[in-house]
Ligand SMILES: [Zn+2]
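In the numbering used here, the protein residues as written are -1 to 178.
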């Protein structure tokens, strides 16, 4: 079991670090991540995340033409607090959101305060794709199948297009240019 957790943590680390590079919808990835963490991870505590949304009227300055911005007064339009569960899986630590608060600052015991979004060290594309495919094979075969058939269909149409192109080319090639 320890080895399985270690491998899963290792594999999950790559797609988790580059959610913008995923070949599947981010929503599908986060469902997969939650599923794996709930089943194999160990919750070791909570972190508190603070996300500030800058006001679009004054662009975060707090004033418009030397008068206080009527929309926000401080430059920040909204502060969102997120209770993040910290889950250990193998050698890695992951976060997933438990609750979101925007009306008040929540009080709960937390380990660290994270200001803004979590910055990950970006992974290489093929690391992201390979580890995601392996995870999907074990946890969401249906989605993997869909992806593969989508890629194959793309390949099929690409071949069709190429053969059509060569036929058109043939038609416009003069006899003198043919190699016989
Ligand atoms: Zn403003």
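All residues carry an ideal CB built from backbone N, CA and C; glycine is no exception.
Item to complete: With distances taken Cα to Cα, identify the nearest neighbour of residue 54 among 47, 67, 86, 24.
Response: With distances taken between Cα atoms, residue 54 lies closest to 67.
Worksheet entry | residue 75 to residue 69 span [Cα, whole Å] | If you take the alpha carbons of residue 75 and residue 69, they lie about 7 angstroms apart.
Worksheet item: Taking the Cβ atom as the reference point for each residue, do residue 45 and residue 82 lie within a distance shorter than 8 angstroms?
Response: Contact flag set, yes.
Worksheet item: CA-CA distance, residue 128 and residue 109?
Response: Their Cα atoms are separated by approximately 33 angstroms.
Worksheet item: How long is the line joining the alpha carbons of residue 56 and residue 26, rounded to whole angstroms?
Response: About 36 angstroms.
Worksheet item: Given that a residue counts as buried once 16 or more other Cβ atoms are within 10 Å of its Cβ, and exposed if not, what is residue 97?
Response: Per the 10 Å Cβ criterion, exposed.
Item to complete: Out of 6, 4, 22, state which residue places its alpha-carbon closest to the alpha-carbon of residue 146.
Response: Distance check between residue 146 and each of 6, 4, 22 places 22 closest, using alpha-carbon atoms only.
Fill in: Three-state class that DSSP yields for residue 83 in the structure shown
Strand, per DSSP.
Discussion item. On the criterion of 16 or more Cβ atoms from any shown chain inside 10 Å, does residue 1 qualify as buried, or is it exposed?
Written reply: Classification for residue 1: exposed.
Worksheet entry | residue 7 and residue 117 closer than 8 angstroms at C-beta | At least 8 angstroms separates the beta-carbon of residue 7 from that of residue 117.
Worksheet entry | Nearest candidate by alpha-carbon position, reference residue 120, set 11, 103, 40, 29 | The residue with the shortest Cα to Cα distance from residue 120 is 11.
Worksheet item: Among 151, 156, 136, which has the Cα closest to the Cα of residue 33?
Response: Nearest option by C-alpha distance: 136.
Worksheet item: So what does residue 148 bridge to, in DSSP terms?
Response: Per DSSP, none; premise fails for residue 148.
Discussion item. As an exercise, report each continuous beta strand (DSSP E) stretch of at least 3 residues that is fully enclosed by the segment 40 to 120, in chain order.
Written reply: The qualifying runs are 40 to 52, 74 to 87, 90 to 99, 111 to 113.
Worksheet entry | Closest by C-alpha distance to residue 103, when choosing among 47, 156, 167 | Nearest C-alpha to residue 103: 47.
Worksheet item: DSSP three-state call for residue 22: helix, strand or coil?
Response: Coil, per DSSP.
Practice prompt. Pick out whichever of 3, 4, 15, 162 has its Cα sitting closest to the Cα of residue 115.
Written response: Minimum Cα distance to residue 115 is reached at 15.
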